[in-house]
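Protein chains: 2
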Amino acid sequence: PREGSDGEDNAEVEAAKSIYMVSDGTGWTAEHSVSAALGQFDYCLVDRACPVNTHLFSGIDDVERLMEIVKQAALEGAMLIYTIADPSMAESARQACMMWGVPSTDILGPITEAIASHLGVSPSGLPRGAPGRKVPLTEEYFRRIEAIEFTIKQDDGALPRNLHMADIILTGVSRTGKTPLSIYLSQKGYKVANVPIVMGVELPKTLFEVDPEKVVGLTINPLVLQTIRRARAKTLGFAKEARSNYCEMDYVRQELEFASRIFAQNPVWPVIEVSGRAIEETAAVVLRLYQDRKEKCLMPRISKRY
Amino acid sequence: PREGSDGEDNAEVEAAKSIYMVSDGTGWTAEHSVSAALGQFDYCLVDRACPVNTHLFSGIDDVERLMEIVKQAALEGAMLIYTIADPSMAESARQACMMWGVPSTDILGPITEAIASHLGVSPSGLPRGAPGRKVPLTEEYFRRIEAIEFTIKQDDGALPRNLHMADIILTGVSRTGKTPLSIYLSQKGYKVANVPIVMGVELPKTLFEVDPEKVVGLTINPLVLQTIRRARAKTLGFAKEARSNYCEMDYVRQELEFASRIFAQNPVWPVIEVSGRAIEETAAVVLRLYQDRKEKCLMPRISKRY
Ligand SMILES: Nc1ncnc2c1ncn2[C@@H]1O[C@H](COP(=O)(O)O)[C@@H](O)[C@H]1O
Ligand SMILES: Nc1ncnc2c1ncn2[C@@H]1O[C@H](COP(=O)(O)O)[C@@H](O)[C@H]1O
Ligand SMILES: [Mg+2]
Ligand SMILES: [Mg+2]
Chain A
1 PREGSDGEDN
11 AEVEAAKSIY
21 MVSDGTGWTA
31 EHSVSAALGQ
41 FDYCLVDRAC
51 PVNTHLFSGI
61 DDVERLMEIV
71 KQAALEGAML
81 IYTIADPSMA
91 ESARQACMMW
101 GVPSTDILGP
111 ITEAIASHLG
121 VSPSGLPRGA
131 PGRKVPLTEE
141 YFRRIEAIEF
151 TIKQDDGALP
161 RNLHMADIIL
171 TGVSRTGKTP
181 LSIYLSQKGY
191 KVANVPIVMG
201 VELPKTLFEV
211 DPEKVVGLTI
221 NPLVLQTIRR
231 ARAKTLGFAK
241 EARSNYCEMD
251 YVRQELEFAS
261 RIFAQNPVWP
271 VIEVSGRAIE
281 ETAAVVLRLY
291 QDRKEKCLMP
301 RISKRY
Chain B
1001 PREGSDGEDN
1011 AEVEAAKSIY
1021 MVSDGTGWTA
1031 EHSVSAALGQ
1041 FDYCLVDRAC
1051 PVNTHLFSGI
1061 DDVERLMEIV
1071 KQAALEGAML
1081 IYTIADPSMA
1091 ESARQACMMW
1101 GVPSTDILGP
1111 ITEAIASHLG
1121 VSPSGLPRGA
1131 PGRKVPLTEE
1141 YFRRIEAIEF
1151 TIKQDDGALP
1161 RNLHMADIIL
1171 TGVSRTGKTP
1181 LSIYLSQKGY
1191 KVANVPIVMG
1201 VELPKTLFEV
1211 DPEKVVGLTI
1221 NPLVLQTIRR
1231 ARAKTLGFAK
1241 EARSNYCEMD
1251 YVRQELEFAS
1261 RIFAQNPVWP
1271 VIEVSGRAIE
1281 ETAAVVLRLY
1291 QDRKEKCLMP
1301 RISKRY
């Protein structure tokens, strides 16, 4: 998705279908679900054969603003996807949409009801951020922040003496996505270090002293890597000479082979191919491996207590 | 939520109800939706009056493994929440759950169907990561990674000369959550810089030279701040003297007043109270302000093109 003002690219915008997302909270749940569902239409989104604009309205916790949004959706011929905790406000959304001919889907209600009957308790009906509600400063809260701060400090091979403190250590050549992957995992509460593999540069000794079960190698198709490196060199405005080396196919291949040899010498490290995978997809693979190794469980899963 | 092995804390685990989440993809959509819905049961989750364990099974793209999971759910008396793109596999999930008496909810199907009829095109039925599907190296992909890398480099007041390159600049005293908030926003594609306010330390000149509309002040209740600082001092193992200063109520109050005066001198900067707000909640407020100022729109929204 690209962000854009409503006015931009008028011809396309006119043809585009709108999806309104409304939440009494942050709107991230609606956005996440809609973006997953839109994955089912990738085939016609890529070339903008079926252009879509999404509009996220967050913090909508009174009926007046809700009604304005429904009316606006009707004017634009938009559909409306909502997460509203208060049952009577959710019902207003449903009825107003029906009245105004706006197709609508409630994505919080059904799952909340299912969980309520499973647990045998009623939902509070209170939106996130309702007055009086306090975000508890739980252990988990501090753990997540610590993980993020640790991960930032360890980025790009910094502080190799701290590798033993990491939960997960990622290693691979430049532009295999170590940094964004580390950050993504850190937000889920894992302390991640990443160590770059650079041809001709020795890896830190500590990498071979830590538990090898927490090291993960990243590899990538050479053509994909070259494309990514070219884009990066352009952004950074590398000097022409440096760029030609960093992005040159021979060099790219040699460096990947250099990495492969290191991986072969450390057969306990799993190696993940990142080409064609989004960051969050690689993250899922890393965590599946992590959990497998930790739990030695027949059915690999990530478990949490609430 | 806390991660934990299944065996831990047996007494509690036995009483806890299980929620199985199954996805043919990463499982993050199911996890996100379940965690939002569980917010509706916070009131009985906090004291573990209605303990819940979630179990995430990702990458489940064959019926055999799906069936094993459903059977296991039946054994554990769990409910099952799923996102499965392939319609016939989703139907198998539904039927198997019915047969085994496992309450189940499909959270991808309904939203996909609603979008399909709105767009007038059919869903592909292909899961994320289906063979042949390629993650396109779009401009957005590069922009997001650039935002993350920029944000890491700018953390904690680093490189003040680059402040003009940021989309958003966060400022506030230590432990107002600038770092995790910056990282959260960077993952949404925003280049974020954060500048700490420390009593007696001059702020970088560049902070007052950039467009003030992109600066956001963070403030916090002194008691909450003290709690957070104490937790941090413990983690970092600060020397006793330093700790007593950093966490001492008088000092905390003075530093917050110092920050308030700076905010008052820069009335264009909005000031957000972070006490009792989760990172993602503050992020939603920041982006609402950002969008408001950029679009001067009657109905503030975050718009994207797909
Ligand atoms: N911790 C929570 N407590 C209560 N409701 C929540 C919580 N988290 C999310 N929700 C609700 O779940 C829906 C999605 O949240 P959001 O992702 O913030 O838009 C909204 O209706 C929120 O009010
Ligand atoms: N880009 C995509 N293309 C196709 N399907 C997707 C995409 N992203 C998510 N999905 C589907 O949406 C559901 C939720 O995805 P996930 O969050 O990865 O578990 C799964 O059934 C995925 O297969
Ligand atoms: Mg990096
Ligand atoms: Mg910080």
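Going line by line, the protein sequences match chains A and B. Reminder that position 237 of the first sequence reads as 237 in my numbering, one-by-one numbering, no gaps. So my numbering is basically just the index in the second sequence, starting at one, shifted up by 1000. Note that CB positions come from ideal geometry on N, CA and C, so glycine has one too.
Ligand 6 and S122(A): does the residue's C-beta get closer than 7 Å to at least one heavy atom of that ligand? Of the ligands this structure carries, namely ligand 1, ligand 2, ligand 3 and ligand 4, none is ligand 6.
Run through chain B and tell me which residues come within less than 7 Å of G157(A), C-beta to C-beta. Against the first sequence, residue 157(A) aligns to sequence position 157. Those within 7 Å of G157(A) in chain B number zero; the least Cβ separation is about 13 Å.
Roughly how many angstroms lie between the CA atoms of V1195(B) and F1150(B), to the nearest whole one? Within the second sequence, numbered from 1, the residue matching residue 1195(B) stands at position 195. Within the second sequence, numbered from 1, the residue matching residue 1150(B) stands at position 150. Within the model, the alpha-carbon separation for V1195(B) versus F1150(B) is close to 14 Å.
Beta-carbon proximity of V1271(B) to P1212(B), cut-off 8 Å: On the second sequence, position 271 is the one that residue 1271(B) refers to. On the second sequence, position 212 is the one that residue 1212(B) refers to. Their beta carbons are not under 8 Å apart, which means V1271(B) does not touch P1212(B) by this criterion.
Do you know offhand how far K1304(B)'s Cα is from K1234(B)'s? By one-based count along the second sequence, residue 1304(B) stands at place 304. By one-based count along the second sequence, residue 1234(B) stands at place 234. If I take the Cα positions, the gap works out to 43 Å.
If you draw a straight line from the C-alpha of R1288(B) to the C-alpha of E1076(B), how long is it? Numbered from 1 along the second sequence, position 288 holds the residue referred to as residue 1288(B). Numbered from 1 along the second sequence, position 76 holds the residue referred to as residue 1076(B). Each residue's Cα considered, the two are about 43 Å apart.
Beta-carbon proximity check, A114(A) vs T1105(B), cutoff 8 Å: The count along the first sequence starts at 1 and reaches residue 114(A) at position 114. The count along the second sequence starts at 1 and reaches residue 1105(B) at position 105. When the beta-carbon positions are compared, A114(A) and T1105(B) come within less than 8 Å of each other.
Identify the continuous beta strand (DSSP E) that holds F57(A) and give its terminal residues. The residue given as residue 57(A) occupies position 57 in the first sequence. It spans V52 to F57 - the beta strand (DSSP E) in which F57(A) sits, taken as one unbroken run.
Is the region 1187-1207 of chain B close to the region 1135-1151 of chain B, with three or more CB pairs under 8 Å? They touch, by the three-pair rule.
Inter-residue Cα distance where the pair is S117(A) and F1041(B): Against the first sequence, residue 117(A) aligns to sequence position 117. Against the second sequence, residue 1041(B) aligns to sequence position 41. Computed Cα separation, rounded: 12 Å.
Report the residue ranges of all alpha helix (DSSP H) runs contained in full by the region 262-301 of chain A; include only those spanning at least 4 residues, in chain order. Counting only unbroken stretches of 4 or more residues, the alpha helix (DSSP H) elements lying wholly within the region 262-301 of chain A are 279-295, in sequence order.
Neighbouring residues, chain E, relative to Y306(A) (Cβ below 7 Å): Absent from the structure is chain E; the protein chains it does hold are A and B.
Answer yes or no: does any C-beta atom of chain A fall closer than 8 Å to that of S1005(B)? If you number the second sequence from 1, residue 1005(B) lands on position 5. In this prediction, S1005(B) has a pLDDT of 46, which is less than 50 and means its spatial position is unreliable; nothing more can be read from the coordinates.
Cβ closer than 8 Å: which chain A residues qualify as neighbours of G1101(B)? Taking the first residue of the second sequence as position 1, residue 1101(B) is located at position 101. Per Cβ cutoff of 8 Å: no residues; G1101(B) is ~12 Å from chain A at best.
Would you kindly check if the distance between the Cβ of S1275(B) and the Cβ of V1216(B) is under 8 Å? For the purposes of this step, residue 1216(B) is taken as residue 216 along the second sequence, with counting starting at 1. For the purposes of this step, residue 1275(B) is taken as residue 275 along the second sequence, with counting starting at 1. Cβ distance not < 8 Å, so V1216(B) and S1275(B) don't count as in contact.
Span separating the alpha-carbon of N1245(B) from that of E1255(B): Stepping through the second sequence from its first residue, residue 1245(B) is reached at position 245. Stepping through the second sequence from its first residue, residue 1255(B) is reached at position 255. Roughly 11 Å separates the two Cα atoms.
For V34(A), which residues in chain B fall below 8 Å Cβ to Cβ? Indexing the first sequence from 1 puts residue 34(A) at position 34. Correct list: I1111 and I1115.
Contact with chain B by K71(A), beta-carbon distance below 8 Å: On the first sequence, residue 71(A) is found 71 positions in, with the first residue counted as 1. Under the Cβ distance rule, K71(A) does not count among the residues neighbouring chain B, no pair being separated by less than 8 Å.
Going along the chain, which residues of its own chain have a beta-carbon closer than 7 Å to the beta-carbon of I1145(B), five neighbours each way excluded? Taking the first residue of the second sequence as position 1, residue 1145(B) is located at position 145. Nothing listed; no residue qualifies.
Separation of Q1072(B) from V1063(B), as counted between CA atoms: Residue numbering aside, residue 1063(B) sits at position 63 when the second sequence is read from its first letter. Residue numbering aside, residue 1072(B) sits at position 72 when the second sequence is read from its first letter. The alpha-carbon atoms of V1063(B) and Q1072(B) are separated by roughly 14 Å.
Compile a chain-ordered list of the residues in the region 185-196 of chain A whose CB is closer than 8 Å to at least one CB of chain B. Residues of the region 185-196 of chain A whose Cβ lies closer than 8 Å to any Cβ of chain B, in chain order: S186, Q187 and G189.
If we define contact as Cβ-Cβ less than 8 Å, is E64(A) a contact residue for chain B? Sequence index remark: in the first sequence, residue 64(A) carries index 64 (1-based). Not an interface residue.
Return the first residue and the last residue of the alpha helix (DSSP H) that A193(A) is part of. To locate residue 193(A), count along the first sequence from 1; it is residue 193. Taken as a continuous stretch (DSSP letters only), A193(A) belongs to no alpha helix (DSSP H), being part of the beta strand (DSSP E) at V192 to I197.
Are the C-beta of L1137(B) and some C-beta of chain A separated by less than 8 Å? Within the second sequence, the letter at position 137 stands for residue 1137(B). Taking Cβ atoms only, chain A reaches closer than 8 Å to L1137(B), which makes this a yes.
Partners in chain A for M1108(B), counting only beta-carbon separations shorter than 7 Å: Along the second sequence, one-based indexing puts residue 1108(B) at 108. According to the sequence as given, residue 1108(B) is Leu; it is not Met. A36 and A37, listed in chain order.
Same chain, Cβ closer than 7 Å to I1060(B), neighbours up to 5 away in sequence not counted: Taking the second sequence and counting its residues from 1, one reaches residue 1060(B) at position 60. Closer than 7 Å at Cβ, skipping near neighbours: V1022, S1023, D1024, L1066 and I1069.
List the residues of chain A that K1214(B) touches, going by C-beta distances under 9 Å, in chain order. As a first step, residue 1214(B) is located in the second sequence; it is residue number 214 there, counting from the start. Chain A residues near K1214(B): none, gap ~15 Å exceeds 9 Å.
Would D61(A) pass as an interface residue toward chain B - the criterion being a Cβ-Cβ separation below 8 Å? On the first sequence, position 61 is the one that residue 61(A) refers to. No, no contact with chain B.
G129(A) to N1053(B), Cα distance in whole Å? Indexing the first sequence from 1 puts residue 129(A) at position 129. Indexing the second sequence from 1 puts residue 1053(B) at position 53. About 24 Å.
I'd like to check one pair, I1302(B) with R37(A): are the Cβ atoms closer than 8 Å? As a first step, residue 37(A) is located in the first sequence; it is residue number 37 there, counting from the start. As a first step, residue 1302(B) is located in the second sequence; it is residue number 302 there, counting from the start. Correcting the residue type first, residue 37(A) is Ala in the shown sequence and not Arg. Cβ distance not < 8 Å, so A37(A) and I1302(B) don't count as in contact.
By Cβ distance, which residues of its chain are closer than 7 Å to S182(A), with the 5 residues on each side in sequence left out? Translated into the one-based positions of the first sequence, residue 182(A) becomes position 182. Taken in chain order, the residues that qualify are T151, D155, L170, V192 and N194.
Just tell me which of E139(A), F142(A) and I220(A) has its CA closest to the CA of G172(A). The sequence position of residue 172(A) within the first sequence is 172, counting from 1. In terms of CA proximity to G172(A), I220(A) leads the group E139(A), F142(A) and I220(A).
Which residues in chain A sit within 7 Å of R1288(B), going by Cβ to Cβ distance? Numbered from its first residue, the second sequence carries residue 1288(B) at position 288. Neighbours of R1288(B) on chain A, chain order: S58 and G59.
Would D1086(B) pass as an interface residue toward chain A - the criterion being a Cβ-Cβ separation below 8 Å? The sequence position of residue 1086(B) within the second sequence is 86, counting from 1. At a cut-off of 8 Å between beta-carbon atoms, D1086(B) makes no contact with chain A.
First and last residue of the uninterrupted alpha helix (DSSP H) at D42(A): As a working mapping, residue 42(A) is identified with position 42 in the first sequence. Where D42(A) is concerned, the enclosing alpha helix (DSSP H) stretches over D42 to L45.
Whether P1127(B) touches D1086(B) by CB criterion (8 Å): Position 127 of the second sequence holds residue 1127(B). Position 86 of the second sequence holds residue 1086(B). Against a cut-off of 8 Å, the Cβ pair of D1086(B) and P1127(B) comes out as a contact.
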